[in-house]
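Here's the structure, in structure tokens; my notes come after.
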Amino acid sequence: MSRMDRREIDFLLDGLLDLEGLLSRPRYAHLDRDALSQVLDTAAGLADTKFGPHYHDTDKHEPERIDGKVVMLPAVKEAVDALAGAGFMAAHHDEELGGLQLPWCVVQAAFSFFQTANIATAAYPFLTIGAGNLIRSFGSPGQQAMFLAPMLTGRFFGTMALSEPQAGSSLADIRTGAVPNADGSYAITGTKQWISAGEHELSENIVHMVLARIKGAPAGVKGISLFIVPRHRINADGSLGPDNDVRLVSLLHKMGYRGTTSTILSFGEEGRCQGFLVGQAHQGLAYMFQMMNEARIGVGLGAAALGYAGYRYSADYARTRTQGRPLAARDPASPMIPIIEHADVRRMLLQQKAAAEGAIALCLYCARLVDEEKTAPDAADRRRAGLLLELLTPIAKSWPSEHCLEANKWAIQILGGYGYTRDYPVEQYYRDNRLNPIHEGTYGIQANDLLGRKLFMENGAALEELGRTMGVTIARAAGMPDLAGHAADLRDALTRVASVTARLGQVRAAGDVALCLANATAYLEMFGHTVLAWIWLRQAMAAADRLATGQGDADYLNGKLAACRWFFAHELPKTITQAALLASLDRTVLDVRPEWL
76 MSRMDRREID FLLDGLLDLE GLLSRPRYAH LDRDALSQVL DTAAGLADTK FGPHYHDTDK
136 HEPERIDGKV VMLPAVKEAV DALAGAGFMA AHHDEELGGL QLPWCVVQAA FSFFQTANIA
196 TAAYPFLTIG AGNLIRSFGS PGQQAMFLAP MLTGRFFGTM ALSEPQAGSS LADIRTGAVP
256 NADGSYAITG TKQWISAGEH ELSENIVHMV LARIKGAPAG VKGISLFIVP RHRINADGSL
316 GPDNDVRLVS LLHKMGYRGT TSTILSFGEE GRCQGFLVGQ AHQGLAYMFQ MMNEARIGVG
376 LGAAALGYAG YRYSADYART RTQGRPLAAR DPASPMIPII EHADVRRMLL QQKAAAEGAI
436 ALCLYCARLV DEEKTAPDAA DRRRAGLLLE LLTPIAKSWP SEHCLEANKW AIQILGGYGY
496 TRDYPVEQYY RDNRLNPIHE GTYGIQANDL LGRKLFMENG AALEELGRTM GVTIARAAGM
556 PDLAGHAADL RDALTRVASV TARLGQVRAA GDVALCLANA TAYLEMFGHT VLAWIWLRQA
616 MAAADRLATG QGDADYLNGK LAACRWFFAH ELPKTITQAA LLASLDRTVL DVRPEWL
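Read in order, the letters of the sequence shown correspond to residues 76 to 672 in the numbering used here.
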């Protein structure tokens with residue numbers, strides 16, 4: 076079953092994300108809070124009845140290739156069919172396309188129920204929604220009619236096909252080729268690897284979003300184009316035609332996400348793989364970044380969901396598992412106590428809570444920025460939202476992937492020996508989550524993106540906007556006696572970020588980019604912790620407001636305040652050491668020789 080607490084989602088939507096203000100905009104005039112509650116109720120119900128029950132079964136019984144087809148447990152198809160049937164594939168799209176025209180933050184909040192219940196099964200619609208959004212943004216009207224329309228109903232599913240065996244994350248080195256055909260389509264040839272959901276029988280067709288080079292294109296990323304490549308060709312009336320020369324080379328076997336097929340695919344072995352150019356030639360990577368960035372935030376939310384699932388399970392376990400006695404109780408005949416009474420167990424629970432609930436809040440805040448960028452009445456507000464989204468995307472992907480994996484470690488620890496057995500779910504949460512630091516760009520890739528590009532774009536406009544936005548929070552919290560100390564600590568942390576960034580910016584401006592980026596992961600960690608402290612301070616302010624007015628569950632709200640205190644006492648101080656390291660311009664990783672390692 077899903078372990079997402081509905082109180083968590085409602086608290087974030089109403090207390091942190093100003094859902095009421097969003098619903099006042101013309102695009103959402105047909106909606107009210109009750110309607111959105113029904114959407115969330117439906118998601119929670121499907122997560123409990125269709126996704127959660129086979130979470131462990133798909134881990135034990137991975138998809139297999141039998142007689143040329145991928146075979147998996149029937150429960151997977153039942154779940155994704157139910158999700159599509161409830162309208163979640165099209166939920167954020169325009170009503171004229173058959174969508175519900177929901178805010179993206181609500182769609183992502185609903186999706187967190189599916190990810191918490193069964194991350195592997197949720198991956199199939201997750202990728203399809205992203206591929207559909209890509210076609211909606213850049214595909215021609217004909218491409219949208221042919222491919223997007225059936226994707227919104229679940230008839231077709233989608234993938235993103237970027238990596239290749241020789242290239243990995245280095246997309247500049249891809250070799251998949253495209254040669255123009257007389258009918259305006261392209262003949263696609265090449266091999267793609269690590270393609271999640273690349274082959275299955277869950278849908279009538281699979282729509283691959285493929286990066287390839289048109290013959291004669293420039294080298295590097297400037298020569299990459301984007302193509303729609305279906306598994307089966309499509310007839311003029313929308314029915315399926317013959318196969319499109321897309322072949323499953325191999326199923327890959329991972330330590331987690333075992334229910335999601337991971338594939339090596341070949342295109343055009345027989346010379347008849349047909350692809351359709353999306354948008355302009357040689358602009359493919361720019362287009363694909365929409366799906367990549369959407370997926371990065373989605374991966375972060377999935378990592379947060381797994382961290383949250385482990386937290387909730389280990390907290391429930393700690394409340395009922397008796398072991399040991401209070402430090403003051405010397406009599407061995409006295410009754411044992413639930414392990415949640417032990418300080419070190421509460422430490423591990425607080426660490427999980429701070430990571431998981433903070434990460435969920437961050438990812439949904441980014442989803443809210445998507446809504447702001449698209450629907451804010453004022454152009455300046457839309458631009459500000461876009462800047463913040465660009466800057467926070469590397470954090471939303473990387474921070475949950477690292478720290479919610481760490482949270483899963485503590486969940487295992489709380490269960491002790493039981494924790495690493497397959498009789499309990501926490502070891503699977505850990506294995507599933509271990510993939511997320513690699514999914515959609517490693518920690519190092521996100522660090523280089525943040526420090527190498529996002530911080531200095533438009534002369535630092537995004538960082539300036541984040542500082543202004545955080546400053547509003549700091550100013551308000553400074554006037555709340557119980558939170559004023561946190562406000563001061565966050566102000567100091569933000570000052571450290573600004574100082575270190577300026578120092579590294581000077582190094583960059585002097586032409587030593589390698590030295591600027593040498594310790595980029597330490598910068599990402601420092602920056603991420605500062606952002607999460609801000610997210611926690613905002614949650615604490617919302618919780619304090621509700622306690623003061625008698626709204627909501629007092630234990631739940633006090634838990635928010637406790638997690639905020641934990642983060643500011645135990646996590647934010649780590650940025651002091653990280654800032655000192657960065658300011659020192661340490662060259663160790665540049666100077667160490669490969670033969671020394």
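Note that the Cβ used here is the ideal one computed from N, Cα and C, for glycine as well.
Query raised in the report: DSSP on E139, reduced to helix/strand/coil?
Result: As a first step, residue 139 is located in the sequence shown; it is residue number 64 there, counting from the start. Strand.
**Report entry** Through-space distance from F189 to M76, alpha-carbon basis
**Finding:** Taking the sequence shown and counting its residues from 1, the one referred to as residue 76 is at position 1. Taking the sequence shown and counting its residues from 1, the one referred to as residue 189 is at position 114. Because M76 sits at a pLDDT of 48, beneath the cut-off of 50, its placement in the model cannot be relied upon, and the point is left open.
Query raised in the report: Where do the N-terminal and C-terminal ends of the beta strand (DSSP E) with P255 fall, by residue?
Result: Counting from 1 along the sequence shown, the entry for residue 255 is found at position 180. First-last of the beta strand (DSSP E) with P255: 252 to 255.
Query raised in the report: alpha helix (DSSP H) containing R497: first to last residue?
Result: The residue given as residue 497 occupies position 422 in the sequence shown. Neither: R497 is in no alpha helix (DSSP H) and is coded neither H nor E.
**Report entry** Cβ shell of I651 (< 8 Å), same chain only, five flanking positions each side left out
**Finding:** For this step, residue 651 is matched to residue 576 along the sequence shown. Within the same chain, I651 has close Cβ partners R571.
Requested in this report: Within its chain, find whatever has a CB closer than 6 Å to the CB of R578; leave out the 5 residues flanking it on each side and keep chain order.
Outcome: The residue given as residue 578 occupies position 503 in the sequence shown. Only A658 meet the Cβ criterion.
Query - Local Cβ density within 10 Å of N483, reported as buried at 16 or more and exposed below that - result: Taking the sequence shown and counting its residues from 1, the one referred to as residue 483 is at position 408. When all chains shown are included, N483 counts as buried.
Requested in this report: Reducing DSSP to helix, strand and coil, say where V667 ends up.
Outcome: Within the sequence shown, numbered from 1, the residue matching residue 667 stands at position 592. Three-state result, V667: coil.
**Report entry** Q241 in three-state terms, based on DSSP
**Finding:** Here residue 241 refers to the residue found at position 166 when the sequence shown is read from its first residue. If DSSP states are grouped into helix, strand and coil, Q241 belongs with coil.
Query raised in the report: In the structure shown, what three-state DSSP assignment does A404 receive?
Result: In the sequence shown, the residue the question calls residue 404 occupies position 329. In this structure, A404 counts as coil in the three-state DSSP scheme.
Query - Whole-number beta carbon distance between G634 and W474, since they are thought to touch under 8 Å - result: Sequence index remark: in the sequence shown, residue 474 carries index 399 (1-based). Sequence index remark: in the sequence shown, residue 634 carries index 559 (1-based). About 21 Å; that fails the 8 Å criterion.
**Report entry** Whole-angstrom distance between L464 and Y493, CA atom to CA atom
**Finding:** As a position in the sequence shown, residue 493 is number 418, starting the count at 1. As a position in the sequence shown, residue 464 is number 389, starting the count at 1. Separation of Y493 and L464 (C-alpha to C-alpha, rounded to the nearest whole angstrom) is 41 Å.
Query raised in the report: Which whole-angstrom value describes the C-beta separation of H105 and Q176, a residue pair presumed to lie in contact below a C-beta threshold of 8 Å?
Result: Against the sequence shown, residue 105 aligns to sequence position 30. Against the sequence shown, residue 176 aligns to sequence position 101. Confirmed, about 7 Å.
Query - K472 - DSSP class collapsed to helix/strand/coil - result: Indexing the sequence shown from 1 puts residue 472 at position 397. Looking at K472 - three-state DSSP - the assignment turns out to be helix.
Query - Residue range of the unbroken beta strand (DSSP E) whose run includes G265 - result: Within the sequence shown, the letter at position 190 stands for residue 265. Note, G265: beta strand (DSSP E), 261 to 271.
Query raised in the report: How about the stretch 179 to 186 and the stretch 443 to 454: do they share at least three Cβ pairs that are nearer than 8 Å?
Result: yes
**Report entry** Residue burial classification, M532 (beta-carbon count within 10 angstroms, cutoff 16)
**Finding:** The residue you call residue 532 lines up with position 457 of the sequence shown. It counts as exposed.
Query raised in the report: Out of curiosity, what's the CA-to-CA distance linking I414 and L115?
Result: Start at 1 with the first residue of the sequence shown, and residue 414 comes out as number 339. Start at 1 with the first residue of the sequence shown, and residue 115 comes out as number 40. Cα-Cα distance, rounded: 33 Å.
Requested in this report: Put G560 into one of helix, strand or coil per three-state DSSP.
Outcome: In the sequence shown, residue 560 corresponds to position 485, counting from 1. G560: helix per DSSP, three-state reduction.
Query raised in the report: Is the stretch 384 to 397 close to the stretch 522 to 542, with three or more CB pairs under 8 Å?
Result: Short answer: they don't touch.
Query raised in the report: Residues bridged to V145 by DSSP?
Result: Taking the sequence shown and counting its residues from 1, one reaches residue 145 at position 70. According to DSSP, V145 bridges with R140.
Query raised in the report: Given S260, which residues of its chain have a CB within under 7 Å of its CB, disregarding the five upstream and five downstream residues?
Result: Residue mapping note: residue 260 aligns to position 185 of the sequence shown, counting from 1. For S260, where only same-chain residues beyond five positions count, the Cβ hits under 7 Å are Q349, G350, F351.
Report task. Over the uninterrupted beta strand (DSSP E) stretch that includes P305, give me the two end residues. Result -> The sequence position of residue 305 within the sequence shown is 230, counting from 1. From DSSP, the beta strand (DSSP E) with P305 extends over 299 to 305.
Requested in this report: Counting only the same chain and skipping the five closest in sequence on each side, list residues whose C-beta sits under 6 Å from that of V151.
Outcome: The residue labelled residue 151 in the question sits at position 76 within the sequence shown. Excluding residues within five positions, the ones whose Cβ falls inside 6 Å are T196.
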